[in-house]
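Each remark here refers to the structure printed beneath this line.
Number of protein chains: 2
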Amino acid sequence: MPSAEALKLHENRLLRALPATELTRLSPYLKRIKMPLGQVICESGKPMYHVYFPTNSIVSLLYVLENGESAEIAVIGNEGIVGISPFMGGGTTTSTAVVQSSGYAYRLEGQLLKDAFWRAGPLQLLLLRYTQALLTQISQTAVCNRHHRVEQQLCRWLLLSTDRLSSNELSMTQDSIANVLGVRRECVTLAAGNLQSAGLITYKRGKITVVDRRRVEARVCECYRIVRAEFDRLLPKQQVF
Amino acid sequence: MPSAEALKLHENRLLRALPATELTRLSPYLKRIKMPLGQVICESGKPMYHVYFPTNSIVSLLYVLENGESAEIAVIGNEGIVGISPFMGGGTTTSTAVVQSSGYAYRLEGQLLKDAFWRAGPLQLLLLRYTQALLTQISQTAVCNRHHRVEQQLCRWLLLSTDRLSSNELSMTQDSIANVLGVRRECVTLAAGNLQSAGLITYKRGKITVVDRRRVEARVCECYRIVRAEFDRLLPKQQVF
DNA sequence: GCATGTATGTACGCTATCAAACATATAAGC
DNA sequence: GCTTATATGTTTGATAGCGTACATACATGC
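Put into C-alpha cells, the structure is as follows:
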C-alpha cells in the first residue's frame, strides 16, 4: 500500500506512471517545493542543476529573441517534467522556463535524473516518450503560430493550460498571456472579450475561468486536439509497468 | 583504412560520427537509395518501416493542417536522420516527411535502428543529441513564424538548406518554397525578387543560387545562427568516439 | 476616504500578409 | 516551329495584427 507521500507524488502524471520500485528509489530525493509566479526555472544556454515535476503549477517553455520579443513553445504542468537536457545529452537548451501559474512541483537533481535514465528501465522509456510528446506540442505550436488567429490560439492555450492544471481557473493577466502567445496585450483583450461576451469564459483582473469548456473546444483550432491525442497516446494515465 | 563504401557513408554527418565498429556493423543494412523530388517519406500517424540518412538530398518535416495549409517545422539533410519515432518509442509521429530536393540517402530498417539504439552505445548518445538539436530547430521555427518577416524566413531557409546540402544551389520553385514556409507564393516572389535585385541570390525557374552568402547571413534573423550553433555544439563534425 | 499602481478597454493610423485574378516568360513535348 | 504546361510577375483590395496613445476600472495601502 502506497504511503501518503507516494500518493502526493502521484499528483504528477510522469511520476505516477513509474513502477513502484523506481518511485521508491527516487522519492527520498524528490523535494516538494513552491513555484512562485514569474520564477525563472532555467535560462537559455544555462545548465539545469535541477529538474521539476509540476503538480499544480504551470511552467512555460519560452524562446526569447534578442529584441526582447518572445513566444511560448510549450506549456508544462502535471503531465510532464521541466528539464530534458540532463538526459538528452546536451546539458543545456536554448529555451527559457518560467513559472506561469504558481503552485508546487517535485524537484530532483539533474544528475540523479540522468543516472536514473541511464539505468535504462521504464523511466528511460517513459522520458523518451514524453520527449516525443513535447516535440509534438512544439511542432504544432509552430504551425499554429503560422496559420491560426489569435482567438483560436488563446483557446488552445486555455485548454492546454487547464488540462495541465486540472482546474478550470487560471491566474494570468491578459498581459502575461500576450507574452506567452507572443502577441500584443490589446489583441488578447479583444479575443478574450469576444470569448467572454459569448459566454465561454469569464475573467477579472488576472483570473481567467473557462466556464463552458465544450464551447471552447468547439472554437479551438485542431492543434489542441492533436497535441492532446498525442499526449494520451504516448503517456500512460496510470501506472502501467 | 576505411573502404570506399565507408567513405561514401561518411557523406552523412551522423554516420560519419559513429565509431568504425558500429558503422561496420550497420553498413550491410544501409542501402543507398534515390530520393526523388516530392516523394512522401512518411505520413502523419503512419509507422516508419525505414529511416533515412540523407547525403545530398533534403527532406522537409511538415505539419499539414486539415484545410490543406502546411508549414515546415524542420529541414533535414546530410547532418541528420529522418525517422526518430522508432527509437523514441512512439512508433509514429504527427509530422509528414517530404523530399524537397532530390538526391540520395542511406536507408535502414527502422527495427534495426531501434535495435542499434538499445545496444546503448555511442549511437544512442548521438541520436539523443541529434534529437535535441532537431528540437531546437523546431522551437526556433515556431518563434520565427511568430515574429519574423517572410524575407528573413526565406533567408533562414536558404541558409539552413544550403548548409544541409553542402551546396549553394537549390532546386526549388518559389511555389514549393512558399509551401514549406507556409506563406503564399506571391510573398516568396516578392522576397526573392528583393534578394535577387540586391545581388544576394539568383534564381531561374526552379533553381535558386545563393551567390553572396555573407550578405544573406547579414540579413537573416538570429534564428539561423542559433540553430546552427546548437547543431555544431551537439553534433560532432568528425568521428570522435 | 484617498492616492497609487495595476489591469483592462478603446481608438488611431500603419504594414505585412492574404486572396483572387490575370499577365508574362520559360521549358518541354510534339 | 508550335503548343502546352509550368514558373514567375503584377495589380487591386481586404484584413489581422502592430505601435502608440490615452481612458477607464479595480485593488491595495495609507
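The listed protein sequences correspond, in order, to chains A and B. Read in the working numbering, the first sequence has 209 at position 213, and its numbers run on one by one without any break. Read in the working numbering, the second sequence has 160 at position 164, and its numbers run on one by one without any break. Ideal placement from N, C-alpha and C gives every residue a C-beta, glycine not left out.
Reference residue i; option with closest CA among the options
i	options	result
A/GLU62	B/VAL139, B/LEU155, B/LYS4	B/VAL139
B/VAL60	B/LYS203, B/LEU123, B/ALA93	B/ALA93
A/GLN234	A/LEU122, A/LEU108, A/MET84, A/GLY117	A/LEU122
A/SER162	A/ALA67, A/ILE72, A/GLU39	A/ILE72
B/LEU231	B/GLY76, B/CYS151, B/GLY41, B/GLY106	B/GLY76
B/SER66	B/ILE222, B/CYS217, B/ILE173	B/ILE173
B/GLN96	B/MET168, B/THR88, B/GLN107	B/MET168
A/GLU147	A/PRO118, A/LYS4, A/GLU182, A/ALA225	A/GLU182
B/ILE222	B/LEU191, B/THR132, B/GLN192	B/THR132
A/ARG215	A/LYS30, A/LEU177, A/HIS144	A/HIS144
A/VAL55	A/PRO43, A/LYS42, A/GLY41, A/ALA70	A/ALA70
A/PRO82	A/THR127, A/ASN175, A/ARG180	A/THR127
B/ALA13	B/ILE29, B/LEU119, B/THR88, B/GLY34	B/LEU119
A/ASN175	A/LYS27, A/GLU68, A/GLU218	A/GLU68
A/GLY238	A/ARG201, A/LYS27, A/TYR199, A/MET31	Chain A is shown from -3 up to 237; residue 238 of chain A falls before or after that span and cannot be answered.
A/GLY41	A/TYR199, A/THR88, A/MET84, A/LYS203	A/THR88
A/LEU177	A/SER53, A/GLY34, A/THR137, A/LEU33	A/THR137
B/ILE204	B/GLY64, B/LYS4, B/ASN164, B/ALA129	B/ASN164
Residue i - DSSP class collapsed to helix/strand/coil
i	result
B/THR92	strand
A/GLU68	strand
B/MET31	strand
B/VAL36	strand
A/GLY76	coil
A/MET(-3)	Here A/MET(-3) scores only 48 on pLDDT, less than 50, and its place in the model should not be relied on; the value that follows carries that caveat. Residue state, collapsed to three classes: coil.
B/LYS200	strand
A/LEU166	strand
B/HIS6	coil
A/LEU109	helix
A/LEU26	coil
A/SER97	strand
B/VAL206	strand
A/ARG12	helix
B/ARG115	coil
A/PHE83	helix
Bounding residues of the beta strand (DSSP E) (the contiguous stretch that carries residue i)
i	result
A/LEU247	Because residue 247 of chain A is not part of the residues shown, which for chain A are -3 to 237, the question remains open.
B/TYR45	Note, B/TYR45: premise wrong, no beta strand (DSSP E); not H, not E.
C-beta atoms of residue i and residue j nearer than 9 Å
i	j	result
B/TYR48	B/TYR102	yes
B/GLN170	B/ALA188	yes
B/ILE37	B/GLY79	yes
A/ILE197	A/VAL184	no
A/THR90	B/GLU18	no
A/ARG142	A/PRO50	no
A/ARG229	B/GLY117	no
B/TYR220	B/LEU155	yes
B/LEU239	A/SER157	Beyond the ends of chain B as shown, which are -3 and 237, falls residue 239 of chain B; an answer cannot be given.
B/MET84	B/SER53	no
Terminal residues of the alpha helix (DSSP H) in which residue i lies
i	result
B/TYR220	218 to 230
B/ASP159	146 to 161
A/ARG21	16 to 22
B/ALA187	181 to 193
Does the pairing of the stretch 123 to 143 of chain B with the stretch 19 to 28 of chain B give three or more beta-carbon distances under 8 Å?
No, because fewer than three Cβ pairs between the stretch 123 to 143 of chain B and the stretch 19 to 28 of chain B fall closer than 8 Å, the two stretches do not touch.
Cβ contact check for the stretch 206 to 216 of chain B and the stretch 105 to 116 of chain B: 3 or more pairs under 8 Å:
With the rule of 3 Cβ pairs closer than 8 Å, the stretch 206 to 216 of chain B does not count as touching the stretch 105 to 116 of chain B.
Check whether the stretch 3 to 12 of chain B and the stretch 143 to 154 of chain A touch, using three or more Cβ-Cβ pairs below 8 Å as the test.
Contact fails between the stretch 3 to 12 of chain B and the stretch 143 to 154 of chain A, because fewer than three Cβ pairs, one in each stretch, are under 8 Å apart.
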